[in-house]
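Single-structure report; data block below.
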Amino acid sequence: MKTDKSIKNIVCASIYRKVMNPEEWIYSSVHIGNKSIEFNLEENELPIFQVNSLNVKTLITTRRIIEKKNDEVILSIRFEEIGDLVYGNFKGKIDEPQLSIFNIIDINGKKYDFQMETGKASIGLINVVNTILQLKSVVPKKSFDPILR
239 MKTDKSIKNI
249 VCASIYRKVM
259 NPEEWIYSSV
269 HIGNKSIEFN
279 LEENELPIFQ
289 VNSLNVKTLI
299 TTRRIIEKKN
309 DEVILSIRFE
319 EIGDLVYGNF
329 KGKIDEPQLS
339 IFNIIDINGK
349 KYDFQMETGK
359 ASIGLINVVN
369 TILQLKSVVP
379 KKSFDPILR
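In my numbering, the protein residues as written are 239 to 387.
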């Protein structure tokens, strides 16, 4: 089993190989440090990617996806609990990034809606989630369009 540090290193290397113009992202960013000021993380858990809108903050770590609104955690799911992913319309308008929602359905059928930035930044988020799932040997269904489901 890979350590949190090796997961973060592999995922960050993958992000930088595949994304375009991260400096142009508006709401999304790769988390540079190994600590989070806004989220309480477990011991050795590392932050990787974040999406920060005006009221909602989403953090993807080496172990889970967490979202908080007004300083209160409203959603959290561990990667091992993911049963299905629906990225929806992640493309949006390439030159006009906006916020959208991607859905996760856990192994018990509970649905979670997390924010994501559309356009070029969405490739960063999708790459992070897919790479972590692959490293953890979790194989959920993946749908990019709800019509395909």
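Cβ atoms here follow ideal geometry from the backbone N, Cα and C, with glycine treated the same way. Since the structure is predicted, the reported quantities are computational estimates derived from the model, not experimental observations.
Test item: CB-CB of residue i and residue j under 8 Å
i    : j    : result
N293 : N272 : no
I298 : V377 : no
E319 : I303 : no
L373 : I286 : no
S338 : G326 : yes
Closest residue to residue i among the options (Cα-Cα distance)
i    : options                   : result
A359 : V311, K295, I253 and K243 : I253
T300 : E261, N327, I342 and N247 : N247
R316 : I270, F328 and I343       : I343
Y265 : K295, Y350 and N327       : K295
V324 : K306, Q353, S314 and E305 : Q353
Q288 : N282, E281, K306 and E280 : K306
W263 : G362, I370, A251 and D322 : G362
V268 : I364, T241, K374 and E281 : I364
F328 : L371, S291 and F340       : F340
I370 : I275, N278, E261 and E283 : E283
Y350 : D322, S375, G357 and N368 : D322
N290 : G357, E276 and C250       : E276
I270 : K243, E310 and S375       : K243
G357 : E310, S375, L279 and P260 : P260
Where residue i falls: helix, strand or coil (DSSP)
i    : result
T369 : helix
R387 : Bear in mind that the predicted position of R387 carries a pLDDT of just 42, short of 50, making it unreliable; the figure below should be weighed with that in mind. If DSSP states are grouped into helix, strand and coil, R387 belongs with coil.
F328 : coil
D309 : coil
V268 : strand
I304 : strand
G362 : helix
E318 : helix
Buried versus exposed, by CB contacts within 10 Å (16 or more), residue i
i    : result
I312 : exposed
G347 : exposed
M258 : exposed
Q336 : exposed
T241 : exposed
E355 : buried
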